[in-house]
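Asks:
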Amino acid sequence: MASVTIQLVALVCLLAVAKTATGSRDCHRKYFDDDRMVCVCNSTYCDTQDPVLLPPLGQFVVYESSKSGKRLERREGRFQNKTTNPDILLILETDQRYQRIKGFGGSVTDAASINILALSPNAQKNLLRSYFSDEGIEYNIVRMPMASCDFSVRPYTYDDFPYDYELKNFSLVAEDLLMKIPIIHRAKAMSKRPISLMASPWTAPIWMKTNEDWKGKGWLKGQAGDSIHKTWASYFVRFLDEYAKQNLTFWAITAQNEPSSGFVKNYPFQTMGFTAESQREFIALDLGPALAKSSHKNIQLITLDDNRFHLPKWAKEVLSSESQAYRYIHGIGLHWYMDFISSIEGTVEATQHLFPDYFLIATEACAGSFFWEQDVILGSWDRGEDYSHSILENLNHHVVGWIDWNLALDLQGGPNWVKNYVDSPILVDASSDSFYKQPMFYHLGHFSKFIVEGSQCVGLTVVKTYFSCNLEHVAVLRPDGSAVVVVLNRSSFNLTFGISDSVGFISTQIPANSIQTYLWRRQ
């Protein structure tokens, strides 16, 4: 009997070691009603994923998350010979090649940093690993505000000393040195992928602005080429210099966050206005030359960084040959907030057709931002579906990446110095030293973990043998030649479909309100 007991104990230990070795841990579920669920993490436990391993040739893996409770649940299958005609057939067309993917990520704001650092050290580690390690969803892009934004606890810039045209008083602040910079270094240390940094300014120091205020209607005093505009351009370079001293270099910078908001009379938080014409001249005469003469001449400069309904008009103006701005610009940034008033075909697709040499990237999104919405909805599957729908739509229209807003907020959706609370894929409950992974987190993971930088979108022909359905999809080839197909079913019924590739045929089904990622070798 003792021998049997010892053997059982040994078996349990082996199983525990095997579980630990793969890194996979199940979601600790918490329900807020019948179908609103989060995964709870703390200092001692957090759900994790196995590092992605390609299956042998002739096999595939599929990861599934669903409203019914699955969270990136993995299973395996084998390719078959096609013997039936499914209701929906997705045919990979790998000779049709489109944009190469930069990646996916989120934003390290002051608020995100405050919430992360409010947790105990082990809980902080679990949160950051959830985003950046190969046991998490493996973000590879981080966006950061240049100084404060609404998701700060105070308004500030790096030189709030009036008329300091030489920027002698420019300096990073505690929010950078004690919060954001350490968090970025920790994320980079635990990531097996290179992490690309992007920065965006919300406002210049108020002494440079026409309204001399953080918020409301205002723009830079004077005109492009004058001392104010030269100083503001030098401010960008100084920001990059100071971060370089902290061993952080940036892949990209945007010329202004949401420049159209600076023309709204009672705009409630940090902003600064540019028209397309004024931004074009600022880039041509000031910002572009300042970056080109600096040690950051290879940084990618992004225009717009605002809602897509400004396209293609904004791009036509800024990238016109009437000035030299087009020589300094590399990409166009998109926010998702007003997508419902303009089609992607008439905006993003039209812009890519006119300016194919400039990349398009989605730089900000969050749920709960409108006055008619609830700020935070714990466990909302619908908000996760909204994220996946947006990502799929963008990837299918030449967009190279998709960046979420705050990495983490509190249960109210803040802090935010003007109480502009919103939702987030991770919500922190500092009082219990825990955090909640929302459905949005897992929807993002279906893309970020599997579609690695350098992947390329390819054609996907859809053949339907019955009524139109709500199946949404994208196909990519990864740099190693393997294939990824992501499918989203926002309908309330299961869908049977097939995937056809040169290596064989997958006969499969996607449950109601679920998302799946398929991965396989092609050679």
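FYI, the numbering for the sequence shown is -23 to -1, 1 to 500, going by mature numbering (1 follows the signal peptide of the UniProt record, and there is no 0).
All residues carry an ideal CB built from backbone N, CA and C; glycine is no exception.
Quick caveat: nothing in here was measured; it's all calculated off a predicted structure.
1) Please report the distance separating the alpha-carbon of Cys343 from that of His312.
2) Hey, would you say Pro236 sits closer than 7 Å to Phe251, going by beta carbons?
3) Please report the Cβ distance between Ile338 and Lys79, rounded to the nearest whole angstrom; I am assuming they are in contact, meaning their Cβ atoms lie under 8 Å.
4) Excluding the 5 residues preceding and the 5 following Gln486 in the sequence, name in chain order all residues of the same chain whose CB lies nearer than 8 Å to its CB.
5) Use the C-beta contact count for Met315: other C-beta atoms within 10 angstroms, 16 or more gives buried, fewer gives exposed.
6) Indicate the three-state DSSP secondary structure (helix, strand or coil) for Val451 in the structure shown.
7) Going by the CB atoms, is the gap between Leu404 and Tyr413 shorter than 7 Å?
8) Please return the same chain residues whose Cβ sits closer than 7 Å to the Cβ of Tyr116, not counting the five positions on each side in sequence.
9) Between the alpha carbons of Gln493 and Leu465, how many angstroms are there, rounded?
10) Enumerate in chain order the residues of its own chain whose CB-to-CB distance from Ala452 is below 6 Å, with the five nearest sequence positions on each side excluded.
11) Do Phe147 and Asp136 have their beta-carbon atoms positioned less than 7 Å apart in this structure?
12) Hey, which unbroken runs of the alpha helix (DSSP H) at 4 residues or more fall wholly within the segment 304 to 334?
13) Use the C-beta contact count for Lys242: other C-beta atoms within 10 angstroms, 16 or more gives buried, fewer gives exposed.
14) Give me, in chain order, the residues of the same chain whose beta-carbon lies closer than 7 Å to that of Ser211; leave out the 5 immediate sequence neighbours on both sides.
15) Please list the segments of the alpha helix (DSSP H) lying wholly inside the segment 204 to 255, counting only runs of 4 or more residues, in order along the chain.
16) Within the chosen definition, does the segment 257 to 264 reach the segment 295 to 309 through at least 3 CB pairs nearer than 8 Å?
17) Tell me whether Ile158 is buried or exposed, calling it buried when 16 or more other Cβ atoms sit within 10 Å of its Cβ.
18) Which of helix, strand or coil does DSSP assign to Arg131?
19) Taking Gln26 and Ser43 to be in contact with their CB atoms under 8 Å, please state how far apart those CB atoms are, rounded to whole angstroms.
20) Check Asp3 in the structure and name its three-state DSSP category.
21) By the DSSP assignment, the beta strand (DSSP E) with Glu143 in it spans what residues?
22) Give, in chain order, every unbroken run of the alpha helix (DSSP H) that is at least 4 residues long and sits entirely within the segment 393 to 477.
23) Ordered along the chain, which non-local residues of its own chain (more than five positions away) have a Cβ less than 6 Å from that of Thr187?
24) Tell me which residues share the same chain as Asp478 and place their Cβ nearer than 6 Å to its Cβ, disregarding the 5 neighbours each side in the sequence.
25) Along the chain, where does the alpha helix (DSSP H) containing Ala339 start, and where does it finish?
26) Quick check on the DSSP output: the alpha helix (DSSP H) that includes Trp291 runs from which residue to which?
27) Is there at least one non-hydrogen atom of the ligand MG closer than 6 Å to the beta-carbon of Ser173?
28) Taking only three categories from DSSP, how would you classify Ser125?
29) Quick one, are the C-beta atoms of Asn234 and Ser319 less than 7 Å apart?
30) Taking the alpha-carbon positions, what's the Lys192 to Ala327 distance?
31) Measuring CB to CB, does Ser411 end up less than 7 Å from Asn19?
32) I'd like the list of long-range same chain contacts for Pro488, defined as Cβ closer than 6 Å, with 5 residues on each side in sequence excluded.
33) Can you look up Ile93 in the DSSP assignment and give me helix, strand or coil?
34) Look at the alpha carbon of Gly378 and the alpha carbon of Asp218, and state the distance between them as a whole number of angstroms.
35) Quick one: residues in its chain with C-beta nearer than 7 Å to the C-beta of Leu454, no 5 flanking neighbours on either side, listed in chain order?
36) Going by the beta-carbon positions, is the gap between Ala407 and Ala201 smaller than 7 Å?
Replies: Put simply:
1) Taking the sequence shown and counting its residues from 1, one reaches residue 343 at position 366. Taking the sequence shown and counting its residues from 1, one reaches residue 312 at position 335. Cys343 and His312: Cα-Cα distance of roughly 9 Å.
2) For the purposes of this step, residue 236 is taken as the residue at position 259 of the sequence shown. For the purposes of this step, residue 251 is taken as the residue at position 274 of the sequence shown. Closer than 7 Å, so yes.
3) Position 361 of the sequence shown, counted from the start, is the residue given in the question as residue 338. Position 102 of the sequence shown, counted from the start, is the residue given in the question as residue 79. Between Lys79 and Ile338 the Cβ distance is about 6 Å, and since that is below 8 Å, they are a contact.
4) Residue numbering aside, residue 486 sits at position 509 when the sequence shown is read from its first letter. Contacts found: Asn471, Leu472, Thr473 and Phe474.
5) By 1-based counting over the sequence shown, the position of residue 315 is 338. When all chains shown are included, Met315 counts as exposed.
6) The sequence position of residue 451 within the sequence shown is 474, counting from 1. Three-state result, Val451: strand.
7) If you number the sequence shown from 1, residue 413 lands on position 436. If you number the sequence shown from 1, residue 404 lands on position 427. Result yes, Cβ atoms of Tyr413 and Leu404 sit closer than 7 Å.
8) For the purposes of this step, residue 116 is taken as the residue at position 139 of the sequence shown. Closer than 7 Å at the Cβ level, and outside the excluded window around Tyr116, lie Phe81, Gly82, Gly83, Tyr108, Phe109 and Ser425.
9) Numbered from 1 along the sequence shown, position 516 holds the residue referred to as residue 493. Numbered from 1 along the sequence shown, position 488 holds the residue referred to as residue 465. Within the model, the alpha-carbon separation for Gln493 versus Leu465 is close to 7 Å.
10) As a working note, residue 452 is residue 475 in the sequence shown. Around Ala452: Leu69, Val435, Leu437 and Val462.
11) The sequence position of residue 136 within the sequence shown is 159, counting from 1. The sequence position of residue 147 within the sequence shown is 170, counting from 1. Contact annotation: Asp136 and Phe147 have beta-carbon atoms nearer than 7 Å.
12) 327 to 331
13) Here residue 242 corresponds to residue number 265 of the sequence shown, with the count starting at 1. Exposed, because fewer than 16 other Cβ atoms sit within 10 Å of the Cβ of Lys242.
14) On the sequence shown, position 234 is the one that residue 211 refers to. Around Ser211: Leu144 and Ala267.
15) Taken in chain order, the whole alpha helix (DSSP H) runs of length 4 or more contained in the segment 204 to 255 are 204 to 222.
16) yes
17) Along the sequence shown, one-based indexing puts residue 158 at 181. Burial call: buried.
18) Translated into positions along the sequence shown, residue 131 becomes position 154. Three-state DSSP puts Arg131 in coil, outside helix and strand.
19) Here residue 26 refers to the residue found at position 49 of the sequence shown. Here residue 43 refers to the residue found at position 66 of the sequence shown. That pair is no contact at about 16 Å.
20) Working through the sequence shown from its first residue, we reach residue 3 at position 26. Here Asp3 sits in coil by DSSP.
21) Within the sequence shown, residue 143 is the residue found at index 166, counting from 1. Run containing Glu143: none; DSSP gives neither H nor E here.
22) 416 to 425
23) Locating residue 187 in the sequence shown gives position 210, counting from the first residue. Gly195, Trp196 and Lys198, listed in sequence order.
24) Locating residue 478 in the sequence shown gives position 501, where the first residue counts as 1. Within the same chain, Asp478 has close Cβ partners Leu69.
25) Locating residue 339 in the sequence shown gives position 362, counting from the first residue. The continuous stretches of alpha helix (DSSP H) do not include Ala339, which lies in the beta strand (DSSP E) extending over residues Phe336 to Glu341.
26) Counting from one through the sequence shown, the residue named residue 291 turns up at place 314. Lys290 to Val295 is the extent of the alpha helix (DSSP H) around Trp291.
27) Among the components modelled here there is no ligand, and therefore nothing to report on the ligand MG.
28) Numbered from its first residue, the sequence shown carries residue 125 at position 148. If DSSP states are grouped into helix, strand and coil, Ser125 belongs with coil.
29) Working through the sequence shown from its first residue, we reach residue 234 at position 257. Working through the sequence shown from its first residue, we reach residue 319 at position 342. Their beta carbons are not under 7 Å apart, which means Asn234 does not touch Ser319 by this criterion.
30) Along the sequence shown, read from residue 1 onward, the residue named residue 192 stands at position 215. Along the sequence shown, read from residue 1 onward, the residue named residue 327 stands at position 350. Their Cα atoms are separated by approximately 33 Å.
31) The residue you call residue 411 lines up with position 434 of the sequence shown. The residue you call residue 19 lines up with position 42 of the sequence shown. Yes, the pair counts as a contact, with Cβ atoms nearer than the cut-off.
32) Position 511 of the sequence shown, counting from 1, holds the residue named residue 488. The residues are Ser43 and Asn471.
33) If you number the sequence shown from 1, residue 93 lands on position 116. Ile93: helix per DSSP, three-state reduction.
34) Position 401 of the sequence shown holds residue 378. Position 241 of the sequence shown holds residue 218. If you take the alpha carbons of Gly378 and Asp218, they lie about 26 Å apart.
35) Counting from 1 along the sequence shown, the entry for residue 454 is found at position 477. These residues qualify, in order along the chain: Thr71, Ser432, Gln433, Val435 and Ala460.
36) The residue labelled residue 407 in the question sits at position 430 within the sequence shown. The residue labelled residue 201 in the question sits at position 224 within the sequence shown. For Ala407 and Ala201, no; Cβs fall outside 7 Å.
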